[in-house]
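> As given, the protein sequences belong to chains E and Y, one line each in that order. Note that my numbering has the first sequence beginning at 49, numbered continuously upward. Note that my numbering has the second sequence beginning at 68, numbered continuously upward. First the structure, then my questions, so here it is.
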Amino acid sequence: MAKSLFDKIWEAHVVKAAPGGLDIVYIDRHLIHEVTSPQAFDELEARALPLFRPARILATADHNVPTRRQHLPIEEPLSRSQVDTLTANCAKYGVELYGLGHSRQGIVHVIGPELGLTLPGTTIVCGDSHTSTHGAFGAVAFGIGTSQVAQVMATQCLLLSRPKRMRISVDGELRPGVTAKDLILYVISQLGTGRATGYFVEYAGSAVRALSMEGRMTVCNMSIEMGARGGLIAPDETTFAYVKGRPYAPKEAAWDQAVAYWKTLFSDEDTVFDAEHRFDAAAIAPMITYGTNPGMGIALNGHIPSEVPASEAESFDKSLQYMGFQRGESLLGKEINYVFIGSCTNSRIEDLRAVAAYVQGKQKAGHVEAIIVPGSKQVEQQARAEGLDKILADAGFELREPGCSACLAMNEDKIPAGAYCVATSNRNFEGRQGPGSRTLLASPLVAAITAVQGRIVDITQYLN
Amino acid sequence: MEKFQTLYSAAVPLPLENIDTDQIIPARFLKATTREGFGENLFRDWRYHADGTPKPDFVLNDASYAGQILLAGKNFGCGSSREHAAWALYDAGFRVVISSYFADIFRGNALNTGLLPLQVTEAELARLFALAEKDGDTQFVVNLPEQTLHVPATGDSFHFDIDAYKKECLINGYDDIDYLVSQKPAIETYEQNRTWTW
């Protein structure tokens, strides 16, 4: 029988069927961070349970860390306490920690792939909804809550119902200035913020196949923003070339065996999906969001909808009121105050290169504060090695140290109430970047051009 | 986890769609390392001004509405996986959230917290909103063993679905972790027999 990529991986990880139609699913990799792990360690402690497979866990400090002067103790006492708790728990239970000061510290979804821990055919979980990022490698990767973090710590397994399967195909060629971020913002704008609830999404089609690994990670990262449990892309030569030689990737004969297996990981031709959506890559323009969920996106030169279904009107108008926008309005010409380039969606070296390539020899607008937060120490070092730091500094962009930063504003990096921020992150929820902050999601290229122009423009007229 | 069987309560109506977990509990309040105390910051930025004074037009600050049931628009709990959202609702006294659908991770987190995510149809939700908004004292009866939601004053009665295993867990106060730990021999056998060990 024809099987989907998702089902092949899932079935290879079913330990046994459990009561009520659930499966006990084995987890290959468990990533943890300081915010959603302390209560899980407490649960082990309270139940006197050992950590079952410490070697399958990797920890990093990312959500709550400062992005300046990371060599100094964290100033904010609660943040410091949370990071210290992670350090103590990792030491006590024998978990490898890529904490502050480590040469490979960074956002959990950036360092997993960098280290070669994220491999095709694996199951990966983390107490973070953007764990779907790792699906770019053909892994079944998804976010979990803290109770489940404790379950994986105790048994390396989760009790799960198998989600439905959705395939989203994007065929054709992306136009100049249109990136992976625009592709996924477009898909979410077409499907809406909850359409994939209950599904695991496979992204397919020639436009997806043509993306780099960084681009595929950006796409899979935002699967959760349409409600999907996760998203994945069949591994191919692009995947293998990225993984090969990384610290945790299989070596020599094991590599050849692994690749032979990975080449079997694709959806069989006759696979029937529970839902299918198809899009034309050429129809996608550079995107931006205007509202307070990631489904509220339009082409930069488009207009905010004038009409919405009556049942959605109250939420829609509340959202526009929060953003200070009107129905039917164009965003072109709107002045913006901040540009944030970072987060697990867009903080990889390719993103920084795209920004630097555009801003080289230019200056950001005087009234805009532009910060770039690399996804990891490795990205930061690579950027410096390539001289991107100098280009960015000359253009007035501040290159910070790695962390989740202003994506969720747990640390000091907050956007003030009422200010507009064009952000390369994944969520434009009310107050996400700080109480009262107004977020407009976009690609790194759109963010860079917006920073230089100081206002929202149709970037297709400003490409280098 | 506390047992859940039958609940009699009025409901608090919050007729907004796509309520994300950043609204339920903003990220800046996730710095605690224990599970308790999140209720005071539930819906923090909808409930309070920046200076800490209550916003009078938010439903939790309206004395006409109180209860252990929250009624909310579709796609409740979308966004971040933070279980703190379920803890905050529970800590603030809620035991049931009713919506026409829930985000997957929130649904799981709620069930693992002892908070019942009760899914009804769009039409039923509209009816429930009408009843709760008209009279804040309207009582609702959630009967988990029978899988029914009943409104004694009007005779409205709805059936709801729930996974049979999770239903048993809630009724008996069992956690998944108890079951999984009991399966360790099977898990070890799986580990020994698998082809790929990375």
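Every residue, glycine too, gets a C-beta built ideally from N, C-alpha and C.
I think E324(E) touches R210(E), with their Cβ atoms under 8 Å apart; what is that distance to the nearest whole Å?
In fact, because the Cβ distance is near 18 Å, the residues do not count as touching under 8 Å.
> Starting from N176(Y), trace the alpha helix (DSSP H) both ways and give me its first and last residue.
171–180
> Can you tell me whether N341(E) is buried or exposed? The criterion is at least 16 other CB atoms within 10 Å of its CB, across all chains shown.
Buried, since its Cβ has 16 or more Cβ neighbours within 10 Å.
> With a threshold of 9 Å between beta carbons, is N394(E) in contact with chain Y?
no
> Can you grab the Cα-Cα spacing for the pair G175(Y) / A88(E), in whole Å?
15 Å
> Find the residues of chain Y that neighbour K366(E), judging by a C-beta separation of less than 9 Å, and give them in chain order.
Within chain Y, L83 have C-beta atoms less than 9 Å from the C-beta of K366(E), given in sequence order.
> Pull up the distance between the alpha-carbon of A505(E) and that of A170(Y), whole angstroms please.
One detail in the question is off: residue 505(E) reads as Val in this sequence, not Ala. Going by the C-alpha atoms only, they are around 34 Å apart.
> Go to Y251(E), then tell me how far its beta strand (DSSP E) extends in each direction, as first and last residue.
247–252
> Using a Cβ-Cβ cut-off of 7 Å (strictly less than) and excluding sequence neighbours within five positions of T84(E), which residues of its own chain qualify?
G175, D176, T194, V197
> Going by DSSP, what residue range makes up the beta strand (DSSP E) through N271(Y)?
The shown model of chain Y, from 68 to 265, leaves out residue 271(Y), and the question about it has no answer.
> Of all the residues that make up the stretch 162–173 of chain Y, which are near chain E by a beta-carbon distance shorter than 7 Å?
Contact annotation: in the stretch 162–173 of chain Y, residues whose CB is within less than 7 Å of a CB in chain E are Y168, A170, D171, I172.
> Return the bridge partner residues of C205(E) from the DSSP annotation.
For C205(E), DSSP records a beta bridge to Y74(E).
> In terms of residue numbering, what span does the alpha helix (DSSP H) encompassing G372(E) cover?
Element bounds for G372(E): n/a, residue is neither H nor E.
> Quick one: does I272(E) have its CB under 9 Å from some CB of chain Y?
yes
> Run through chain E and tell me which residues come within less than 7 Å of R102(Y), C-beta to C-beta.
Q87
> Would you check if the stretch 148–158 of chain Y and the stretch 224–235 of chain E touch, i.e. whether three or more CB-CB distances between them fall below 8 Å?
Touching, no, given that fewer than three Cβ pairs across the two stretches are closer than 8 Å.
> Within the stretch 212–264 of chain Y, note down every full beta strand (DSSP E) run reaching 3 residues or more, in order along the chain.
215–218, 223–226
> Using DSSP bridges, identify the partner residues of L81(Y).
A139(Y)
> Does I254(Y) come within less than 9 Å of chain E when only Cβ atoms are used?
yes
> Just to confirm, are G106(Y) and A152(Y) a CB contact at a threshold of 9 Å?
no
> Could you give the residue range of the beta strand (DSSP E) that holds K212(E)?
Here the beta strand (DSSP E) through K212(E) covers 212–219.
> Please report the Cβ distance between V200(E) and V173(E), rounded to the nearest whole angstrom; I am assuming they are in contact, meaning their Cβ atoms lie under 8 Å.
Here V200(E) really is in contact with V173(E); their C-beta atoms are around 6 Å apart, less than 8 Å.
> Check this for me: beta carbons of Q411(E) and A457(E), under 9 Å apart or not?
For Q411(E) and A457(E), no; Cβs fall outside 9 Å.
> Can you list, in chain order, the residues of the stretch 53–66 of chain E whose Cβ is nearer than 9 Å to any Cβ on chain Y?
Here the close residues are A60, H61, V62, V63, K64, A66.
> Taking Cβ to Cβ, would you say L207(E) is nearer than 9 Å to V62(E)?
no
> Considering Cα atoms alone, identify which of P86(E), F100(E), F248(E) is closest to T108(E).
P86(E)
> Using a C-beta to C-beta distance shorter than 8 Å, which residues of chain E count as neighbours of Q214(Y)?
Going along chain E, no residue has its Cβ under 8 Å from Q214(Y), so there is no contact; the nearest lies around 14 Å.
> Strictly below 9 Å CB to CB, what residues from chain C border P483(E)?
Absent from the structure is chain C; the protein chains it does hold are E and Y.
> Using the C-alpha atoms, what's the distance from Y247(E) back to F196(Y)?
28 Å
> In chain order, which continuous runs of the beta strand (DSSP E) of length 3 or greater are located wholly inside the stretch 97–144 of chain E?
105–108
> Skipping 5 residues on each side, what residues in its chain have a beta carbon closer than 6 Å to that of T133(E)?
P86
> From this set, T135(E), A136(E), H78(E), which residue's C-alpha is nearest I159(E)'s C-alpha?
H78(E)
> Would you say T170(E) and I57(E) are within 9 Å of each other, going by their C-beta atoms?
yes
> Less than 9 Å between the beta carbons of L233(E) and S491(E), yes or no?
yes
> What is the rounded straight-line gap between the Cα of S237(E) and the Cα of N128(Y)?
34 Å
> Under 7 Å Cβ to Cβ from G219(Y), same chain only, skipping five residues before and after it: list those, please.
The sequence given here places Pro at residue 219(Y); Gly does not occur at that position. Around P219(Y): Q206, V208.
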